[in-house]
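Step one of this worksheet: look at the structure below.
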Amino acid sequence: MIDSLCYQAEGRDVAVVGLYCDFLAHQEQSTTGMLGAILKQLVSRGGVPEHIREAFRGAENGFGRRGLRLPDMVEILKKTITLPQQVFVCIDALDESAPKNRWGLLKSLQEIIRVSPNMRILLTGRPHIDNEIVEFFSKAVRIAVSPTQDDIKSYLEMRLNSDTTPKVMDDELRRHIMRIIPEKISEM
Amino acid sequence: MLSGSQQVTGNINSFNTLASHNNIINITAGPDLEKDQILQWLSQLEPQQRHEGVRADRLDSVGNWVLETNEFRQWCDMGGGWGEPVLFCYGNPGVGKTYLR
Numbered sequence: 008m009i010d011s012l013c014y015q016a017e018g019r020d021v022a023v024v025g026l027y028c029d030f031l032a033h034q035e036q037s038t039t040g041m042l043g044a045i046l047k048q049l050v051s052r053g054g055v056p057e058h059i060r061e062a063f064r065g066a067e068n069g070f071g072r073r074g075l076r077l078p079d080m081v082e083i084l085k086k087t088i089t090l091p092q093q094v095f096v097c098i099d100a101l102d103e104s105a106p107k108n109r110w111g112l113l114k115s116l117q118e119i120i121r122v123s124p125n126m127r128i129l130l131t132g133r134p135h136i137d138n139e140i141v142e143f144f145s146k147a148v149r150i151a152v153s154p155t156q157d158d159i160k161s162y163l164e165m166r167l168n169s170d171t172t173p174k175v176m177d178d179e180l181r182r183h184i185m186r187i188i189p190e191k192i193s194e195m
Numbered sequence: 154m155l156s157g158s159q160q161v162t163g164n165i166n167s168f169n170t171l172a173s174h175n176n177i178i179n180i181t182a183g184p185d186l187e188k189d190q191i192l193q194w195l196s197q198l199e200p201q202q203r204h205e206g207v208r209a210d211r212l213d214s215v216g217n218w219v220l221e222t223n224e225f226r227q228w229c230d231m232g233g234g235w236g237e238p239v240l241f242c243y244g245n246p247g248v249g250k251t252y253l254r
C-alpha cells in the first residue's frame with residue numbers, strides 16, 4: 008500500500024511514511040519511539056525544519072542529550088505536518104504493539120489529526136483491536152481483508168515454482184494441491 | 154516507501170561562521186552532520202529496512218482488489234478530497250495485510 012501511495016504521490020506535495028509494529032520490539036516501540044519514526048521519515052527527505060533543530064539543540068544539558076518527551080514529540084509533529092503538504096501515515100500490524108504503547112499512539116494521532124486535516128492514517132491489524140480504534144476514531148472506514156481464490160492460487164503457484172525439491176512433484180500432485188488448498192481455505 | 158533517490162544529503166545550508174566569539178571558524182559545506190544526529194535522536198527505529206524486506210518478498214498480483222475498493226480510493230484521494238481520514242484494514246493473521254502493494 009505504501010508503494011501504491013508513493014506511485015500516486017509522484018509529482019505532488021505528498022509525503023508517505025510507514026511503521027511496522029512487532030511483537031518482538033515492544034521495548035524500542037514505545038509511543039514516543041513510534042511517533043519519532045514517523046517524524047524522522049517526514050524530515051529525512053529534505054531540510055530539517057528550524058523548530059526541530061532548536062528542540063535538538065535545547066536537549067543538550069551538559070551530560071548528554073535528553074530524548075524527546077511524548078508531549079513535546081506531539082507538538083513537534085503538529086508543527087511539522089502543515090499544509091499544503093498531504094501526509095499519509097501507514098501503520099502495519101497495530102495489534103502487535105504493546106497495549107499501552109498502542110493506546111498512547113492512537114491518542115497522540117487523534118490529537119495531531121485534530122489540528123492537521125492534511126494527515127491521513129491507514130491502520131492494519133487483527134479484528135480484535137477495532138474497538139480500540141473506534142474509541143479514538145469513531146468514524147474510521149473499515150475494509151475486511153481476506154485472500155480471494157485468485158490470490159491463493161497465485162501464491163501457491165509461486166511457492167510451487169520455487170520449490171527446493173521439484174523432483175518430488177509431479178503434475179498430478181500439483182493439480183491436487185492447486186485444487187484442494189484453495190477449497191479448504193475458502194471453507195475457513 | 155521512501156526510495157533511495159529521494160534521500161537528499163549534502164546539504165549546503167549548514168554554513169556556520171562563529172569567528173567573532175572564539176576564533177573558531179566552522180564551515181560545514183559537506184553533508185549536514187547535524188541532520189544525521191537529529192534523525193538518530195528522533196528515533197532509533199528504521200522502518201525503511203523492514204519495508205525493503207516486505208517489498209522483496211511480496212507477490213505483486215495478490216490483494217490488489219483492496220486497492221480497487223471505493224473505501225481505499227476515497228481514503229487515498231490526493232486531489233483534495235477531505236473524507237474520513239482514518240482507514241482500518243483488518244483481517245486474521247496470515248491473510249496478507251502487510252503484503253498489500
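Line by line, the protein sequences are chains A and B. Residue numbering for the first sequence follows the working numbering, starting at 8 and increasing by one per position. Residue numbering for the second sequence follows the working numbering, starting at 154 and increasing by one per position. All C-beta atoms, glycine included, are put in the ideal place defined by N, C-alpha and C.
Item                                                                                                                                                                     : Value
Are there 16 or more other CB atoms within 10 angstroms of the CB of G25 of chain A, so buried, or fewer, so exposed?                                                    : buried
Please state whether DSSP places I88 of chain A in a helix, a strand or coil.                                                                                            : coil
For the candidate residues B:Y243, B:P238 and B:N245, whose alpha-carbon lies nearest to that of V96 of chain A?                                                         : B:P238
Please state if the CB of L163 of chain A and the CB of I184 of chain A are separated by a distance shorter than 8 Å.                                                    : yes
The alpha helix (DSSP H) that contains R64 of chain A, what's its start and end?                                                                                         : E57 to G65
Is it true that the segment 73 to 88 of chain A meets the segment 102 to 120 of chain A, where meeting means three or more beta-carbon pairs spaced less than 8 Å apart? : yes
If you reduce the DSSP assignment to three classes, tell me which class D29 of chain A lands in.                                                                         : coil
Going by DSSP, what residue range makes up the beta strand (DSSP E) through M126 of chain A?                                                                             : M126 to G132
Taking 8 Å as the threshold, find out whether the segment 11 to 30 of chain A comes into contact with the segment 60 to 77 of chain A through three or more Cβ pairs.    : no
Along the segment 81 to 110 of chain A, what residues have a CB closer than 8 Å to any CB found in chain B?                                                              : Q93, F95, D99 and A100
Note down the Cα distance separating I177 of chain B from E187 of chain B, rounded to an integer number of angstroms.                                                    : At I177 of chain B the pLDDT is 44, less than 50, meaning the model places this residue with poor confidence; the figure from the coordinates comes in the next sentence. Cα to Cα, the separation comes out at about 18 Å.
Using a Cβ-Cβ cutoff of less than 8 Å, which residues in the same chain neighbour A62 of chain A once the five nearest sequence positions on both sides are dropped?     : L75, D79 and I83
In the structure shown, what three-state DSSP assignment does A22 of chain A receive?                                                                                    : strand
Mind reading off the beta-carbon distance from E224 of chain B to L240 of chain B? Whole number of angstroms is fine, and I expect it under 8 Å.                         : 7 Å
Could you tell me which chain B residues have their CB closer than 9 Å to the CB of P134 of chain A, listed as they occur along the chain?                               : Y243, G244 and N245
Starting from R226 of chain B, find everything on chain E with Cβ-Cβ shorter than 9 Å and list it in chain order.                                                        : Given the protein chain composition of this structure (A and B), no chain E is represented.
DSSP three-state label for F241 of chain B, please.                                                                                                                      : strand
Under 8 Å by Cβ, that's how I've got R133 of chain A and D102 of chain A pegged, so tell me the actual separation to the nearest angstrom.                               : 4 Å
For D170 of chain A and W110 of chain A, what's the separation of their Cα atoms in angstroms?                                                                           : 42 Å
Note down the Cα distance separating C242 of chain B from G54 of chain A, rounded to an integer number of angstroms.                                                     : 33 Å
DSSP three-state label for A147 of chain A, please.                                                                                                                      : coil
With K47 of chain A and L195 of chain B assumed to form a contact (beta carbons below 8 Å), what rounded beta-carbon distance in angstroms separates them?               : 4 Å
What's the gap between the Cα of Q197 of chain B and the Cα of K174 of chain A?                                                                                          : 46 Å
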